[in-house]
Amino acid sequence: MEPSSAGAGGNSLPSVGPDGQKRRVCYFYDPEVGNYYYGQGHPMKPHRIRMTHSLLGQYGLLDQMQVLKPHPARDRDLCRFHADDYISFLRSVTPETQQDQIRALKRFNVGEDCPVFDGLYSFCQTYAGASVGGAVKLNHGHDIAINWSGGLHHAKKCEASGFCYVNDIVLAILELLKHHQRVLYVDIDIHHGDGVEEAFYTTDRVMTVSFHKFGDYFPGTGDVRDIGHSKGKYYSLNVPLDDGIDDESYQSLFKPIMAKVMEVYRPGAVVLQCGADSLSGDRLGCFNLSIRGHAECVKYMRSFNVPLLLLGGGGYTIRNVARCWCYETGVALGQELEDKMPINEYYEYFGPDYTLHVAPSNMENKNSHHQLDDIRSKLLDNLSKLRHAPSVQFQERPPDTDLPELDEDEEHPDERHADPDSDIDMDYPLSGYAFDMEDSARRSSIQGTRVKRESAGTETKDQDGSRSTAEHRGPEPMDEDVGPSKQAPPVHANAMAVDEPGNVKTEQASSTKLADPPAIYQKP
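If you read the sequence shown in UniProt numbering, its first letter stands for residue 1, the second for the next number, and so on.
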């Protein structure tokens with residue numbers, strides 16, 4: 001589908017290399033996504049996506065992008081990574097029937113942290129369909145694709161984890177691998193991107209880089225010594241951080257590490273998970289990043305002029321999540337937004353200052369210069385051991401996933417349109433073998449890790465000094481009530497390699513695929 005005249009993208013930001021062209025940006029949004037409700041007291045609130053969308057409209061950013069309603073991912077799309085029986089369970093379980101499926105709930109880790117709620121499977125289909133749809137758009141010429149409802153990085157092949165049910169990121173990366181030899185995944189959520197790292201732990205086709213809180217914190221993985229396995233050795237990078245890290249300290253690691261990654265790995269596409277729980281004042285977080293500091297990561301990755309998929313993730317002080325993702329959409333478009341917030345549907349959420357930006361706190365930064373220098377040195381040393389830009393052989397290219405989406409700028413909004421470049425109703429199988437990871441003993445030692453619980457009192461103080469209570473019910477609570485902590489699932493020592501062909505997008509080999517399959521580290 002061709003973008004509308006309003007969706008040509010914005011002016012480019014200053015970049016690492018020459019960049020005089022505008023960016024083609026597409027943005028996926030389903031108006032129903034804000035209606036899904038994890039339940040009273042749960043910190044994950046899809047309503048934040050609707051708040052973000054409202055801000056985008058009032059700042060005039062929707063007119064500068066192609067706005068698309070995602071087509072729901074089908075069972076077979078989700079089963080490209082997830083187990084059939086797990087997807088079947090998600091499709092069938094309801095709040096009314098869950099008591100009859102106690103064993104399945106336990107088996108698939110569905111319960112307090114990952115509750116059964118009305119429309120659960122439709123929610124999964126929506127956010128996964130948007131991420132895969134964004135990957136398809138990047139494969140066919142868009143520069144940046146945005147899905148703030150995605151980025152659920154904890155979900156595993158056979159189980160839910162950390163508020164995540166379906167791993168839309170893995171599915172999007174598998175789609176990108178059809179057109180790109182190498183895909184880079186970068187995660188700036190405060191929690192380790194364990195589900196994505198595990199999925200590609202044994203391949204050099206995907207490099208994963210995660211910046212996260214480490215030590216007595218969910219999910220407990222992400223040690224600097226976790227570097228990948230077999231062909232994937234040194235293709236997993238973990239940047240373990242402590243409480244209170246600020247903008248300057250964060251960028252002292254992010255920019256030199258990512259500059260070296262881009263130089264050595266030379267990815268064909270980048271997926272950036274923009275979890276906003278790394279912001280100062282997040283109700284489940286303990287970092288001290290400003291919105292500008294968080295967005296600097298988006299600006300920096302955008303500057304490399306590589307196809308970029310921007311996804312959401314964590315973020316539990318929802319007014320600041322909406323602020324952050326609105327500002328980062330502006331960064332994607334090359335637009336600096338006015339700090340004074342325009343009147344919008346949720347204006348009262350942003351008082352008393354009604355500004356886009358909020359000041360970070362004066363909390364202690366427990367990341368010393370020595371610790372930061374040591375981490376940076378170790379990771380740059382690991383990167384020096386990589387052979388530059390691993391390549392793979394050409395073979396026949398697999399078809400694109402057929403996920404037609406609705407262009408909200410079209411005259412007939414109720415009609416869905418297929419991507420003319422996609423092949424319809426075709427998929428390819430998964431197969432694999434098991435192996436033992438060399439660092440399984442150390443990884444299994446962190447099974448008992450739990451995130452620090454938020455105080456269960458009736459009152460919590462947020463970043464901008466306002467207070468919220470836990471008394472509101474319904475799908476659009478203005479105050480952010482107290483909920484469960486993320487529970488750490490077992491870490492499995494076995495993985496399976498998946499025979500998942502990708503392809504390279506070149507003029508000489510437009511109908512070719514890449515023979516070297518990415519491997520999936522997952523629960524057998």
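For glycine and all other residues, C-beta sits at the position ideal for the given N, C-alpha and C. Here the structure is a predicted model, which means the values were calculated and not measured.
query, result
"I need the boundaries of the alpha helix (DSSP H) containing threonine 94, first residue and last residue.", "Looking at the DSSP string, threonine 94 is not in any alpha helix (DSSP H), and its letter there is neither H nor E."
"Taking only runs of the beta strand (DSSP E) that begin and end inside the segment 258–304, which ones reach a length of at least 3 residues, in chain order?", "269–273"
"Assuming the contact rule is C-beta atoms closer than 8 angstroms, methionine 363 and asparagine 305 should be a hit. Round their C-beta distance to whole Å, please.", "So it is not a contact: roughly 36 angstroms between Cβ atoms."
"Please report the straight-line C-alpha distance between isoleucine 179 and asparagine 139, rounded to a whole angstrom.", "Note that residue 179 corresponds to histidine in the displayed sequence, not to isoleucine. Answer to the nearest angstrom: the Cα atoms are 6 angstroms apart."
"Measure from the C-beta of proline 240 to each C-beta in chain B and report whether the shortest distance is under 7 angstroms.", "Absent here is chain B; the protein component of the structure consists of one chain."
"What's the gap between the Cα of alanine 128 and the Cα of asparagine 109?", "19 angstroms"
"Kindly give me the distance between the Cβ atoms of isoleucine 173 and valine 25, rounded to whole angstroms, as I take these residues to be in contact under 8 angstroms.", "Going by Cβ atoms, the distance from isoleucine 173 to valine 25 rounds to 20 angstroms, so no, they are not a contact pair."
"Quick one: residues in its chain with C-beta nearer than 7 angstroms to the C-beta of alanine 322, no 5 flanking neighbours on either side, listed in chain order?", "Arg48, Met51, Thr52 and Leu55"
"Would you kindly report the start and end of the unbroken alpha helix (DSSP H) that includes glutamine 125?", "120–139"
"Given this structure, state the Cα-to-Cα distance separating aspartate 353 from aspartate 282, to the nearest angstrom.", "18 angstroms"
"If we ignore side chains and look at the alpha-carbon of each, how far apart do tyrosine 201 and leucine 279 end up?", "28 angstroms"
"For the candidate residues Ser303, Gln335 and Thr355, whose alpha-carbon lies nearest to that of leucine 62?", "Gln335"
"Assuming valine 261 and leucine 383 are in contact, meaning their beta carbons sit under 8 angstroms apart, how far apart are those beta carbons, in whole angstroms?", "7 angstroms"
"Does the distance from the CB of cysteine 124 to the CB of valine 93 come in under 7 angstroms?", "no"
"Just the Cα atoms here: how many angstroms apart are arginine 182 and tyrosine 265?", "8 angstroms"
"Report buried or exposed for glutamate 175, applying the criterion of at least 16 other Cβ atoms within 10 angstroms of its Cβ.", "buried"
"Give the DSSP-derived three-state secondary structure of alanine 322 in the structure shown.", "helix"
"If you follow the alpha helix (DSSP H) that valine 196 is in, where does it begin and where does it stop?", "194–199"
"In terms of residues, what are the limits of the beta strand (DSSP E) holding isoleucine 146?", "144–147"
"Please tell me whether glycine 39 and phenylalanine 117 are closer than 7 angstroms, where the distance is taken between their beta carbons.", "yes"
"Between which two residues does the alpha helix (DSSP H) holding valine 170 run?", "168–176"
"Return yes when at least one heavy atom of the ligand ATP lies under 6 angstroms from the C-beta of proline 390, else no.", "The model depicted lacks the ligand ATP and carries no ligand whatsoever."
"Is serine 149 buried or exposed, if buried means 16 or more other CB atoms sit within 10 Å of its CB?", "buried"
"Under three-state DSSP, which class holds leucine 68?", "strand"
"Using three-state DSSP, classify proline 115 as helix, strand or coil.", "coil"
"Just verifying my parser: in three-state terms, what is the DSSP assignment at tyrosine 27?", "strand"
"Could you check how far apart the C-beta atoms of residue 526 and alanine 276 are, in whole angstroms? I think they sit under 8 angstroms.", "Lying before the first or after the last residue shown, residue 526 is absent from the chain, which here runs from 1 to 524."
"Given this structure, state the Cα-to-Cα distance separating phenylalanine 89 from alanine 104, to the nearest angstrom.", "8 angstroms"
"Assuming contact is defined by CB atoms lying nearer than 7 angstroms, are tyrosine 349 and arginine 319 in contact in what I supplied?", "yes"
"I'd like to know whether the C-beta atoms of valine 271 and leucine 309 end up nearer to each other than 7 angstroms.", "yes"
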